[in-house]
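Chains as they are written, first to last, in my numbering: chain A, 1 to 253; chain B, 1001 to 1253; chain C, 2001 to 2253; chain D, 3001 to 3253; chain E, 4001 to 4253; chain F, 5001 to 5253; chain G, 6001 to 6253; chain H, 7001 to 7253.
8 protein chains.
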Amino acid sequence: MDKDYLNSLIDKLLKNDISKDQFVTYLTGIFSDEFKFDTNRKLRLGFHEFIFGESKTIQQLIEIISSLEKNRIPFICTKLSDEKIDVISKKFPEVEAIPEAGMVRYFFTPPSPKKGEVAIITAGSSDIPIAKEAMFTLDSCGIKSKIFADVGVAGVHRFFNIKDQLYSYDILIVVAGMEGALPSLVAGLFPQPIIAIPTSIGYGTALNGFTALFAMLTSCANGVTVVNINNGFGAAMAAFRILQNKYREDTDV
Amino acid sequence: MDKDYLNSLIDKLLKNDISKDQFVTYLTGIFSDEFKFDTNRKLRLGFHEFIFGESKTIQQLIEIISSLEKNRIPFICTKLSDEKIDVISKKFPEVEAIPEAGMVRYFFTPPSPKKGEVAIITAGSSDIPIAKEAMFTLDSCGIKSKIFADVGVAGVHRFFNIKDQLYSYDILIVVAGMEGALPSLVAGLFPQPIIAIPTSIGYGTALNGFTALFAMLTSCANGVTVVNINNGFGAAMAAFRILQNKYREDTDV
Amino acid sequence: MDKDYLNSLIDKLLKNDISKDQFVTYLTGIFSDEFKFDTNRKLRLGFHEFIFGESKTIQQLIEIISSLEKNRIPFICTKLSDEKIDVISKKFPEVEAIPEAGMVRYFFTPPSPKKGEVAIITAGSSDIPIAKEAMFTLDSCGIKSKIFADVGVAGVHRFFNIKDQLYSYDILIVVAGMEGALPSLVAGLFPQPIIAIPTSIGYGTALNGFTALFAMLTSCANGVTVVNINNGFGAAMAAFRILQNKYREDTDV
Amino acid sequence: MDKDYLNSLIDKLLKNDISKDQFVTYLTGIFSDEFKFDTNRKLRLGFHEFIFGESKTIQQLIEIISSLEKNRIPFICTKLSDEKIDVISKKFPEVEAIPEAGMVRYFFTPPSPKKGEVAIITAGSSDIPIAKEAMFTLDSCGIKSKIFADVGVAGVHRFFNIKDQLYSYDILIVVAGMEGALPSLVAGLFPQPIIAIPTSIGYGTALNGFTALFAMLTSCANGVTVVNINNGFGAAMAAFRILQNKYREDTDV
Amino acid sequence: MDKDYLNSLIDKLLKNDISKDQFVTYLTGIFSDEFKFDTNRKLRLGFHEFIFGESKTIQQLIEIISSLEKNRIPFICTKLSDEKIDVISKKFPEVEAIPEAGMVRYFFTPPSPKKGEVAIITAGSSDIPIAKEAMFTLDSCGIKSKIFADVGVAGVHRFFNIKDQLYSYDILIVVAGMEGALPSLVAGLFPQPIIAIPTSIGYGTALNGFTALFAMLTSCANGVTVVNINNGFGAAMAAFRILQNKYREDTDV
Amino acid sequence: MDKDYLNSLIDKLLKNDISKDQFVTYLTGIFSDEFKFDTNRKLRLGFHEFIFGESKTIQQLIEIISSLEKNRIPFICTKLSDEKIDVISKKFPEVEAIPEAGMVRYFFTPPSPKKGEVAIITAGSSDIPIAKEAMFTLDSCGIKSKIFADVGVAGVHRFFNIKDQLYSYDILIVVAGMEGALPSLVAGLFPQPIIAIPTSIGYGTALNGFTALFAMLTSCANGVTVVNINNGFGAAMAAFRILQNKYREDTDV
Amino acid sequence: MDKDYLNSLIDKLLKNDISKDQFVTYLTGIFSDEFKFDTNRKLRLGFHEFIFGESKTIQQLIEIISSLEKNRIPFICTKLSDEKIDVISKKFPEVEAIPEAGMVRYFFTPPSPKKGEVAIITAGSSDIPIAKEAMFTLDSCGIKSKIFADVGVAGVHRFFNIKDQLYSYDILIVVAGMEGALPSLVAGLFPQPIIAIPTSIGYGTALNGFTALFAMLTSCANGVTVVNINNGFGAAMAAFRILQNKYREDTDV
Amino acid sequence: MDKDYLNSLIDKLLKNDISKDQFVTYLTGIFSDEFKFDTNRKLRLGFHEFIFGESKTIQQLIEIISSLEKNRIPFICTKLSDEKIDVISKKFPEVEAIPEAGMVRYFFTPPSPKKGEVAIITAGSSDIPIAKEAMFTLDSCGIKSKIFADVGVAGVHRFFNIKDQLYSYDILIVVAGMEGALPSLVAGLFPQPIIAIPTSIGYGTALNGFTALFAMLTSCANGVTVVNINNGFGAAMAAFRILQNKYREDTDV
């Protein structure tokens, strides 16, 4: 609630600069302000809309994108199949397709670059699409990131080859399927915030990613945080929260 | 690997200040250095040892604590039953018992206070012991925190009563059992990093905390990170990673 | 058992108005009466048949619908794929197709409007098809309802924007996938009967709707009742039971 | 939001009856009003507090009850073990112990009787404690109920013996463990609202009540609603919602 | 082991009627005799082979059927998709296709009719294909059966309409999906052996038949035996075991 | 329904031997007759009551047994802990305690011996208590049985040592925990009805008996039927159904 | 089957060195020989009996041990609680108690030492009891082993400190709870056979050892084999199989 | 670490044969040496690369294979669908397609034959593809193996027919779906190392192979080791570890 604005309104009312009806209308705006998050979200994140594409039909997606594009509202849309991306690309040439990450996005004004950089480390090469979902989400928020792929525990020398490069990053996102062991190794070696993404790579007891998820949550290394299976988007937004909190002077919203 | 030190060693060897044997010994130290984490952990965290008390018998705990106390090594030990805490308290008067958090700890030198403050928000009053595990772990790392208890979604006005106090905190730890809905509400309203702790409160379909865990991981709000069920310690350590990364100048380890 | 009718039969037997054989036949009718539910169902619900379309082949559906249409028996059929609806629509032009709810229906005489009105509230826009299944089922029973879509917990201001409109409804059906938190919020704010429908929206730990289901069942708000995952039809029928019980004078069947 | 009151306040401000500061203070009251639910809950339910006793230690319970009793606030507390009930009974003689339902309660003023009556039907005699939890919760809300015990599907004649008595009840709560078949039978025969409570009776594939829960949710009878395993309290509160909605003139809160 | 035959062999050896080598060969026959089950199976079941079609490719099936047909060995093959049945029917005109039961079969000599008759009772019409798998398996063993369809618990009058017809059957096979309640009702009313088949009909908490399976296993009625989900073949073979044991004089194999 | 009796009643009514009121009363008896199962159960099973002891408190058990003993109604009570058996034994000296089977029983008149004999085969020695539950239940029904213990698949020679003795039994009950493989072996070798009982012996992946249960249900041998985990009583009752059906002339009830 | 022995028997019979009766007796021995595993087991393993102690009561254990001791048959008995070990130790002074491994054992003649040596590596100190179960089982088979404790992935330097010592061992048994990551690391670095033992250490998503089990089975390193949760005995026996196969000349049994 | 080489380097440095910079570079090589596993893998296994084909798109596979073929690096690629194999076969004529095992492979130089032979035993004919995956993996490592198919427990005579042939094999791989009983039988009869592969054959309670997996892990026979469901490749690599350990003189890597 903006008390200065409230006082200025009262002054205007007392001076008859505004009518009683206008005053009531303006009041509602002030007190409801904490619930007008559209504006907040833009201020906070640098653009307007995220769309979860998986559970929506292509018809629903076309309607939503048409509406957003018409109003020139930037958005990213995740978890899209190749088929959906194809249809959207053809119908909306201004929308940028990123099939390797299962995403499309649309920017009226590109986000200004932000401070901080994120390392995205994957255990296998099959984890790369999820790593890219995280990378492009961060990019859409104006944050730089770099993918270090295929350095899983089964050939631990591969990880040690890249180890020295990781100390300079603000946040380490670690992506792994199957037994999901890599975040434990990383968290035992590095002091930064660790965000673990389990992936659905593997079969049988990999349980479509639940084994990696449970392994990461019960990691013997301390301070590992975890997001949903294959949730590259969520890990990126968690990193965004940490970085904006780190580098902004004021955290008021 | 400290290259300056390496070069100085080579110089000494060339100048015969050290023997070949000494040189070999020192080399081993340099190259193995990255694996000498005991020292690292002290530097990084401010003290030496965490002990997971649940899976250890009282005999094992007494042996470990005796050894640590004898060497005056600070430690915290979590997930202790009242019975174990009783025995430890009587045997080791210098060890501090914190039964409401299921912990004991021992400090040779108290940790220096660190920048940053954490809000720990609980859905119900039954979640308080886990909130305290987080609070005392943070305290043991020199970080201030405050618990806002019993503000769950079922009586959402209770949360709105404390809402304005939360903006100033660096990190929001949200603790909830049963349906675990509170982190979604909080993450929709606040821009800070959110660490969600599911608790095992509830019965039947609460599934000993798995429903809350799964709910938090599949939150419709973005950027929520999650730790294991009842893992107050882990959430605190994740917060510690974020804060030390935020407020320290150099992140080298 | 209709005792008056029984006594009149006995009188007729004693007066020789009916034979012993006729008497035995009529008796059977009286005592079996409680099991002749076809008639009961029509009286109670306003029409004859519900068909669960998911587990039936298109051949089976055509046979059943042919038979019902030939006898001009009204019915609704739920959980139909677009393919099945297409085939049925072409073959039976009199059958009404409602693809957005996965339903078809056929009415010889439209049901008379009934008292009471139901609000159907959804957490996300992906939940709308299940909300429509509930709405059209209610409509088929002669009951009005209104959908309030996309007001989930992650952007709680959206819910508060519609809050004042909900007090006038008799029953609140709340539809949510992912973490299924909305019914807890609603039940904490409103005194009406709450029927929660979990949906299968989400991935990974959403568990195809089981996380929402378990969350709703273990809600910290009291008096929430729950139906099967995606069961818009069932929630509507539960609402129908409550409303017919509320507004009818006699509940005898 | 009370617009009349708001306008009167503005009038007072314009007339200088109140200061600007007072006006701001009063405004806050109006706009926050919708979140002051304590008062609402009392108005709506007839008393103040429900306490979930299972996850609280005896120490916590004593603190809470002391505080409520001191303020003469009525409450019921559910899911208490015999041991907890014993301790509470001895310490608080004014608190009423109901060990057969695992409850205690305390009433400053008894609730006024309400219209409507609930039948509570159990499949086996082992389900009776949960039926009593429902009965005493209803009683605590001023609602009459009657238990019809041990009439499960395996000896279906027992159910038919009581069948005629059930038509006059407003709501049927059906309690069953093991295979949980009874609600399907009841819902096929009766038009009233059906609230099914699965219990944890049985072993092996009874899965501590989950088989009954899942069976009730996937009932082939329509319009069955379900609450958590062993949740007699929740079923009673759902019935309370239906009845207060049925018999009260105004549903405003 | 046939001791008389063994002694006669020894006599022959001692009399030089057979050589040492012959003796060794014959010995092997005697002692291995208990493992020659192919002959046993024909004697016991009336024909040679059952084939589980689900996990085999169409190529594998064609090879197997070619071989069996060439040797004129009767067989039945279950769990076949419509596509597989089509291919088999076209390639092997002598093989009988039973698509409504997902089966094909081939009989060099039809099995002789056996004593005993089985009632197959289904809860819903969607359960009929599994009932037919049982019926045609029994038919292939020479046993008569009759299907009583769509008499589930939700409309219990339908079951009572057929009740009197069931007493004369030797065995009751009860087929049900969703909550799987029908076997409990039947077992409470009838003294015959009950074989329950859970089916995968239903969605959400029907758990692809596991809820019905678990419900049947934890039935409150006593003496219900259960087979795997959708296992019409297995139930028929269990009935075959009971009937051949009942009506045959000697059970030696 | 007894038509002769019905006709005689009508005759009496016509002759004024009974009043109209008496006639109505008697009618009710005839038509409800099919639901008076107490009598049926005695006729069918040879005695009156089975009690499931696990979910009942010792107080409940004492009340029930007092009532049954006072009325001299025979019963068996299963799944009793040693503690419960001790208390019952001391309080009711006439009740027979069978602690090795977790049962007590009470017989006013011993059941007459019935034809048929059952072999109960266990995989391990830890399965013996469940085998005894089956044996004593059969004994309580007047049926002989013999236990063949500790002949599991891991030492298959032990089974072959007893193999020849099994052909003469009417029914084979096979009891196994851990991987539950024994019923498959038995069903591949013997033509009799096979009733498999999974037990909760084993740890880790034995899953408290669910692995054995699932293994038995998905047995590669055909015609195996299964009961709940540890359900010796249920297997015995299933055997009883088969035997009474085999050896009685008339199966009417 | 020993053909030489058979031929020698026939020769003896032909020469009248043995009677017909003796011949028949000896034959049975030869042909049944493959099922006389007691002898085989002694030959193969070096002693007679393993007993699974967990599912047996103390009474059963006393009977079994009395019988074995009387016949001076060596045995080991695993998965014993401290209470059971206490009772056994007092009653049988000759039996060796190994409480840190939950075992007792009894040796008439100590097993002769065998070739080969096994390294047992544990992730945490809480895994040591299971490691000891493996070590003492190997010891009871005459095989040397050494435990390398507390070298888990979270502090990977600890493992590298012992790495060079591991190359000389024949087999690596790796014991880990929580996320079970250590076997992947080890299998990526070493060429020997790897036997992984998951333990039940951890809470919440550790799932009593199932997360470690599933992780080990879906390891990204190749050639890892796994035994049941906490099954130190089983891992030792698997190692025994490998070693006796490696170092013995003839593998005939 | 090669100390001789280190000393020679120091000597060269002291003699100015190498510069300080060269010395530092060489040092890094020595100390990192233990992490250069590519070379190790070739030395150890006889060829270079394994590729997990299931989670990779056809595009990814073409890129990887192109790169390997260009560099003439031998590889095998497993878990390929028929479609993927078709595309690869057409594009890379030199790559060998093995569709019956879901594999392709490419050999610049065929592996030299190794000592030792493996028996692969399957319970059913549907298990053969997984058996072939194991066989061709072994073949790719230069190891001979033989498949004994369709000898499962339900017709145990089939297994006894092949029994005598199995003693001469070094390792027994046992493949089974459904109830997974065969490894228990085999491990009870044979002293060799047993590697059990559960397969996903079966339906309902077969749980896509988890029942077989759990059954094998909780086998009552001792010393059975297990790999992931359908993991023919993993079982082969485990056998390879055992054999190379058995037949090679030096195990250094």
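We put the beta carbon where it would ideally sit given N, CA and C, even for glycine. Bear in mind that the values here come from a model prediction, so they are computed numbers and not experimental data.
Which first and last residues belong to the alpha helix (DSSP H) in which E4117 of chain E is found?
-> Premise fails: E4117 of chain E lies in the beta strand (DSSP E), 4117 to 4122, not in any alpha helix (DSSP H).
Say whether chain E places a C-beta atom closer than 8 Å to the C-beta of Y7169 of chain H.
-> no
Listed from N- to C-terminal order along the chain, which residues in the region 6007 to 6021 of chain G have their beta-carbon within a distance smaller than 9 Å of any beta-carbon of chain E?
-> N6007, I6010, D6011, L6013, L6014, K6020
Do you know whose CA, among H:K7012, H:F7052, H:K7246, H:V7226, lies nearest T7137 of chain H's CA?
-> H:F7052
If you count every other CB in all the chains shown that lies within 10 Å of the CB of Q192 of chain A, and 16 or more means buried, which is it?
-> buried
Are three or more beta carbon pairs between the region 6012 to 6021 of chain G and the region 5071 to 5091 of chain F nearer than 8 Å?
-> no
Check A5097 of chain F in the structure and name its three-state DSSP category.
-> strand
Would a check of beta-carbon distances place G234 of chain A closer than 8 Å to chain B?
-> yes
Cβ of L4217 of chain E less than 8 Å from any chain F Cβ?
-> yes
List the whole-angstrom C-beta distance separating F3075 of chain D from F3050 of chain D, where the pair is believed to meet the contact cut-off of C-beta under 8 Å.
-> 7 Å
DSSP-derived helix/strand/coil call for S285 of chain A | Since the first residue of chain A shown is 1 and the last is 253, residue 285 of chain A is not available in this structure.
Looking at C-beta atoms only, is the number of pairs between the region 237 to 245 of chain A and the region 160 to 171 of chain A that lie closer than 8 Å three or more?
-> yes
Any Cβ of chain G within less than 8 Å of the Cβ of V7227 of chain H?
-> yes
Minimum Cβ-Cβ distance from F2240 of chain C to chain F less than 8 Å = no
Report yes if the C-beta distance between V1226 of chain B and V224 of chain A is below 8 Å; otherwise report no.
-> no
Are there 16 or more other CB atoms within 10 angstroms of the CB of I162 of chain A, so buried, or fewer, so exposed?
-> exposed
Does any CB atom of chain A fall closer than 8 Å to the CB of I2201 of chain C?
-> yes
Are L5182 of chain F and V5174 of chain F close, meaning C-beta to C-beta below 8 Å?
-> yes
According to DSSP, is M4984 of chain F helix, strand or coil?
-> In the structure as shown, chain F begins at 5001 and stops at 5253. Residue 4984 of chain F is therefore absent and cannot be evaluated.
Closer than 8 Å by C-beta to K56 of chain A: which residues in its own chain qualify, once you throw out the five before and the five after it? Chain order, please.
-> I64
Hey, would you say I5120 of chain F sits closer than 8 Å to M5135 of chain F, going by beta carbons?
-> yes
Could you work out which residue in F:I5197, F:L5213, F:M5216 is closest to G5234 of chain F when comparing CA atoms only?
-> F:I5197
Excluding the 5 residues preceding and the 5 following R6105 of chain G in the sequence, name in chain order all residues of the same chain whose CB lies nearer than 8 Å to its CB.
-> P6074, F6075, I6076, C6077, V6095, E6096, I6098, F6136, S6140
Listed by chain order, chain H residues near I6195 of chain G by CB distance under 7 Å | T7225
Along chain I, which residues have their Cβ under 7 Å away from the Cβ of T3205 of chain D?
-> Going by chain labels, chain I is absent from the structure shown, which instead holds the protein chains A, B, C, D, E, F, G and H.
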